[in-house]
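Peer 1: The structure that follows is given in the form of structure tokens.
2 protein chains.
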Amino acid sequence: MTEVQLYDTTLRDGMQGQGMSLSAAEKVRVVHALDALGIRFIEAGFPGSNPKDIELFELLASEALDQATIVAFGMTRRRDMAAEEDPGLFALADCFAPAVCLVGKTWALHLEKVTKVSREENLAMIADSVRHMRDSAGKRVIYDAEHFFDGWRDDDGYALECLRAAIDAGAENVTLCDTNGSSLPHEIADATSAVVAALGSEASVGIHTHNDAECGVANSIAAVRAGADLVQGTVNGFGERTGNANLISILPALQIKLGYECVDPESLLRLTDTAHLIDEICNLMPDPDQPYVGRNAFAHKGGLHAAAVSADARTFEHMKPEEVGNRRETLISELAGKGSVRTIAATSGIDLDDDGAAAAVERLKELEHRGYHYEAADASFELLLRREAGSYVPLFRLESFRVVTEKRADGRVETEATIKLWVGETRYIRTAEGDGPVHALDRALRDAITEQHPEIAKVELTNFKVRILDENHGTGAVTRVLLDSSDGDESWGSIGVSANVIEASWEALVDSLEFAFQPRKSDRPPPPGGRRDQAPAKAGR
Amino acid sequence: MTEVQLYDTTLRDGMQGQGMSLSAAEKVRVVHALDALGIRFIEAGFPGSNPKDIELFELLASEALDQATIVAFGMTRRRDMAAEEDPGLFALADCFAPAVCLVGKTWALHLEKVTKVSREENLAMIADSVRHMRDSAGKRVIYDAEHFFDGWRDDDGYALECLRAAIDAGAENVTLCDTNGSSLPHEIADATSAVVAALGSEASVGIHTHNDAECGVANSIAAVRAGADLVQGTVNGFGERTGNANLISILPALQIKLGYECVDPESLLRLTDTAHLIDEICNLMPDPDQPYVGRNAFAHKGGLHAAAVSADARTFEHMKPEEVGNRRETLISELAGKGSVRTIAATSGIDLDDDGAAAAVERLKELEHRGYHYEAADASFELLLRREAGSYVPLFRLESFRVVTEKRADGRVETEATIKLWVGETRYIRTAEGDGPVHALDRALRDAITEQHPEIAKVELTNFKVRILDENHGTGAVTRVLLDSSDGDESWGSIGVSANVIEASWEALVDSLEFAFQPRKSDRPPPPGGRRDQAPAKAGR
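As given, the protein sequences belong to chains L and P, one line each in that order. When we follow numbering that gives the first Met the number 0, the leftmost residue of the first sequence carries the number 0, and every step to the right adds one. When we follow numbering that gives the first Met the number 0, the leftmost residue of the second sequence carries the number 0, and every step to the right adds one.
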């Protein structure tokens, strides 16, 4: 099996994405996650650019990694300056990282319009910098040929000269960068083949692509098939503009579909968890539709699909979800039969007999007819099953509520909710203000409940969506509210449907809190529906 | 230039995506947006599956399209049943659509495990169905070869026989489907080349891919380069699991990068607006990092990049953003400079001078920073321009309102709104009940206004969408409300943004009614943004 080395630049190029920012400590967590996944090279940034990156390199110097090599990133020397005098190269030489990645120009247009450096001087800059890193600093050197494919289209001879300058000076790899993301797979394949043929076995060739044409992954695969043996990319495709090539999709394609050796097959099982963990560290919601690792990536509607998949998974699946640490899901929908309802109940630890399952299916149909839609509301669905199974534990009993929103003559808007309810034998009356009616109701409700159920305080509402179901009736139509909630460890969805948006919100709000409150086994596996992004639910929440 | 026909299946396959749901009226809006973009075939669904799709076909039958052909989608006949007796084929034959797409099997594994049909019977099912549609019903026929690439890998001879059965029976196109999304671009290219060579010039060959390997776009491009001349996909890649191939990325790659002729170059300028409009109709947030059309797709960091780009855009851009209706920079504003604001004002019949345009741009930036977003809210945007131009005519002056929603001890929910306002010199106090707070407010407001402005009664609210903008703050976050309204002849959108959903709804409600009330010329053309679905506005509404 041909080996392909994966090179992660999430911590450098990935951080160019809009709104991306990680502390040094968070970056160390990312490094360990990547190391455990089997990524060979982890680019940590430039060790002299800012205090955060300096701190990161200090932290990393004392971290023990299983197999990954930390790479420091910098530029070729400045023009008219000796390599040993260049402060950037000095910082690279001085840092602990055993490998460096030097980026330099290969495209005459850039020499002319951007850096104003002659072609000869550029070649000298590349050679001097690589040689200095290699011979004086003792580093392994990767040369990133910026704008390589644009340069290749303009003047393939000069682009190749730049690569040769790096190799002759001791670079162990030259990586062809599609910096502007302009290329399509056949162009990448053609240029990479030509480079590999021209350079022979002198150096390994790498590929670095961006997703501007939505071809970042395909471009990386095309380059590998054309002879590249190193792939630079980022986790989940983070990066500026439309992002970098997504290593999370490249890895399973290369290893499972094409038989290249990138990581230990055991490590590949961590792919889904790693992708979600790094999303979480970056404070991003995992994309449910993400290839390979998204919660919908192996989702099937009930009925025919589900039956065929259990007969032979190849009928409707492009690969085994378990190989990348993901799992198959059967979406909850009107197509669901008794069998799938019982399966779902079992994975939620609910003991539902045959009659209960039949009743649940009937109830589901009736509710879906009224506009309920459980695909994104696993919590409400679990509560529905619990009611049918007789294992539903009510959190409280509502007597009444009232919400008032007033826009006063001075233009101010104020909202206040009053709620009367019973928790066990105790009656509570609470009034709260809020930014809006749902906020005020949520506050008043929690205020009433937390005295007896302080753990409810951990539950946070993270998203709120409203839709009208029959658009022909305007504001008098039926309203569907979807709420997402989280307790910091896992997240779940709930739903409410009513002609009244306040009533629908209330229903979703109550389901969200009641779901968190239901007693369940501590070893309960994540339920299907894929809403649990992380660890199984904790007992006694 | 070689022509490639784009075939959109957003309304059928796209609706398989989790949580996707559109009304028949919303689907009609999508059809017009696709028609204006130049999409050749628009697949609307199966005309007999449910009341909503039946209604859609009834509506579409009387819509005038510029150039697109509506396609009805269905399956080949059932086994052991004559084509003319099959109820599915009957519905297809009976509907107005001039073209049908028939999906059928080509993979022996599916025949064996899923449909339990012999290879011979499957060929007969294909041939009979195509022939019946073509000869008896007079339809143009496209045959979708489901799981084609999996079938090709298992038994290329049989896969080809299935295609030939369709062509021999009169299909004008056979489309190769990578239904499970298992294939990579080189596999798609190889199989497509072989099919094109084997079929010769007998039929056109299409491609239908999914994004399971994050190669949906690259796979479509690979097929076209291998000889396919029809591409099936969805807007923004909507679809089940990881989505279908994204037509919004395929179109510019084929037309701008590779020189194929897909749409009128003028229509291509609508690409960004179309992608965002359809996101809005689906109540989805446009992806800022989306290739070609995302807000960040042509974003540059300041300094070196920006300077180089103004010297020569090729240095840091893979194509000209204007060619797809996008623009350089990370702009707060959706409509950027003074020039475009004046153009829009002119098409709405608003006389906006240079200072007014500058003030409107400033105001727009400020509002967009607060979460306003005018792509689907043309009415609110026109009112903004009118305010800056001094041609805004207020409909009324609000003093105050109060909305009360009460869930009583008997379980009933009641909502009541009281409103105090001035129309001209007259003060009105009105109270109304409603199904929900917006409904109650709308009723009370109309009740107060119609005495002096009876024409307002014609305006109907047709849709209402709510989204939270900063998802990290749950119910305390900023809420954006989008309202669609119609007077029976045309429809328009308005927007409100506030921490309070009632306040945001109120704002959108007022814009909706005030827009209808503004005096305008009878010959005003529909404004850009494609929100006017029907005739130009009438005078004196």
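Beta carbons: idealized from backbone N, C-alpha and C, even for Gly.
(1) Could you say which of T1/L, P46/L, A35/L and Y373/L lies nearest to A23/L if we only look at CA atoms?
(2) Under 7 angstroms between beta-carbons, which chain P residues line up against F314/L? List them in chain order, please.
(3) Return helix, strand or coil for R421/L, following the three-state DSSP convention.
(4) Quick check on the burial criterion: 16 or more other C-beta atoms within 10 angstroms. Buried or exposed for V392/P?
(5) Should V173/P and S192/P be called a contact, given that it needs their Cβ atoms to be closer than 9 angstroms?
(6) From T478/P, F463/P and A456/P, pick the residue whose C-alpha is nearest to that of G487/P; which is it?
(7) Return the first residue and the last residue of the alpha helix (DSSP H) that I448/P is part of.
(8) Please state if the CB of T233/P and the CB of N218/P are separated by a distance shorter than 9 angstroms.
(9) Enumerate in chain order the residues of its own chain whose CB-to-CB distance from Q517/L is below 7 angstroms, with the five nearest sequence positions on each side excluded.
(10) In chain order, what are the residue ranges of uninterrupted alpha helix (DSSP H) at least 4 long that sit wholly in the stretch 127–153 of chain P?
(11) Count the other CB atoms within 10 Å of the CB of R327/L; is the residue buried (16 or more) or exposed (fewer)?
(12) Here's the rule: buried if 16 or more other CB atoms are within 10 angstroms of the residue's CB, otherwise exposed. What is S550/L?
(13) Please confirm if Q17/P has its CB atom under 9 angstroms from at least one CB of chain L.
(14) Name the residue from V465/L, D85/L and A43/L whose alpha carbon lies nearest to the alpha carbon of E25/L.
(15) So that I know if they touch, is there some Cβ in chain L lying closer than 9 angstroms to that of T541/P?
(16) So, does the CB of G302/P fall closer than 9 angstroms to a CB anywhere in chain L?
(17) What are the uninterrupted segments assigned as alpha helix (DSSP H) that are 4 or more residues long and contained completely in the stretch 331–390 of chain P, given in chain order?
(18) Roughly how many angstroms lie between the CA atoms of M80/P and V194/P, to the nearest whole one?
(19) Is the shortest distance between the beta-carbon of L175/P and the beta-carbons of chain L less than 9 angstroms?
(20) From this set, G433/L, D409/L, E260/L and L397/L, which residue's C-alpha is nearest R426/L's C-alpha?
(21) Nearest to R78/P by alpha carbon, out of I125/P, H209/P and V360/P?
(22) So, does the CB of C161/P fall closer than 9 angstroms to a CB anywhere in chain L?
(23) Quick check: what's the CA-CA separation for A503/P versus R429/L?
(24) Considering only C-alpha positions, which residue in the set R411/P, T478/P and F89/P is nearest to G370/P?
(25) How big is the Cα-Cα spacing for D353/P and T178/L?
(26) What whole-angstrom Cβ distance do E160/P and K104/P have, given they're in contact under 8 angstroms?
(27) Would you give the residue range spanned by the beta strand (DSSP E) that T404/P belongs to?
(28) Against L183/L, what residues of chain P qualify as contacts under a CB-to-CB distance less than 8 angstroms, listed in chain order?
(29) Using a Cβ-Cβ cut-off of 7 angstroms (strictly less than) and excluding sequence neighbours within five positions of T514/L, which residues of its own chain qualify?
(30) Provide the residue(s) that pair with H31/L in DSSP beta bridges, ordered along the chain.
(31) Using a Cβ-Cβ cutoff of less than 8 angstroms, which residues in the same chain neighbour V223/L once the five nearest sequence positions on both sides are dropped?
(32) Shorter than 9 angstroms from the beta carbon of Y291/P to some beta carbon of chain L?
(33) Can you tell me where the alpha helix (DSSP H) holding I69/L begins and where it ends?
(34) Suppose you measure from the CA of T417/P to the CA of D483/P; what does that come to, to the nearest Å?
(35) Taking Cβ-Cβ distances below 9 angstroms as the criterion, which residues of the stretch 336–364 of chain L are in contact with chain P?
(36) To the nearest angstrom, report how far apart R39/L and A67/L are at their CA atoms.
Peer 2: On the basis of the supplied data:
(1) P46/L
(2) Checking the displayed sequence, the identity of residue 314/L turns out to be Thr instead of Phe. Correct list: L108, H109, K112 and V113.
(3) Arg is not the amino acid found at residue 421/L; the sequence shown has Trp there. If DSSP states are grouped into helix, strand and coil, W421/L belongs with the strands.
(4) Here V392/P is exposed: its Cβ has fewer than 16 other Cβ atoms, across all protein chains shown, within 10 Å.
(5) no
(6) A456/P
(7) Element bounds for I448/P: P436 to I448.
(8) no
(9) Leaving aside the five residues that flank Q517/L on each side, the residues in its chain whose CB is nearer than 7 angstroms to its CB run, in chain order, R385 and V392.
(10) 147–153
(11) With a 10 Å radius around the Cβ and a threshold of 16 neighbouring Cβ atoms, R327/L comes out buried.
(12) This structure does not reach residue 550/L, given that chain L is present from 0 up to 540, and the question cannot be answered.
(13) yes
(14) A43/L
(15) Outside the displayed span of chain P (0 to 540) sits residue 541/P, for which this structure offers no information.
(16) Unreliable positioning characterises G302/P in this predicted model, as indicated by a pLDDT of 44, which lies under 50. A coordinate reading is not provided.
(17) 337–346, 353–368 and 377–388
(18) 30 angstroms
(19) no
(20) Closest by alpha carbon: L397/L.
(21) I125/P
(22) no
(23) 26 angstroms
(24) T478/P
(25) 40 angstroms
(26) Between the beta-carbon of E160/P and that of K104/P there is about 12 angstroms, and that puts the pair past the 8 angstroms contact cut.
(27) Its beta strand (DSSP E) spans residues R396 to K406.
(28) A217, I220, A252, K256 and L257
(29) Note on residue identity: the sequence assigns Phe, not Thr, to residue 514/L. The answer, listed in chain order, is A378, E381, L382, W491 and S493.
(30) Its beta-bridge partners do not exist; DSSP assigns none.
(31) V3, I206, V230, L253, L257 and Y259
(32) Cβ-Cβ to chain L under 9 angstroms: yes for Y291/P.
(33) In this chain, I69/L is not harboured by any alpha helix (DSSP H); it is covered by the beta strand (DSSP E) spanning T68 to M74.
(34) 23 angstroms
(35) So the list is empty, because no residue satisfies the distance condition.
(36) 5 angstroms
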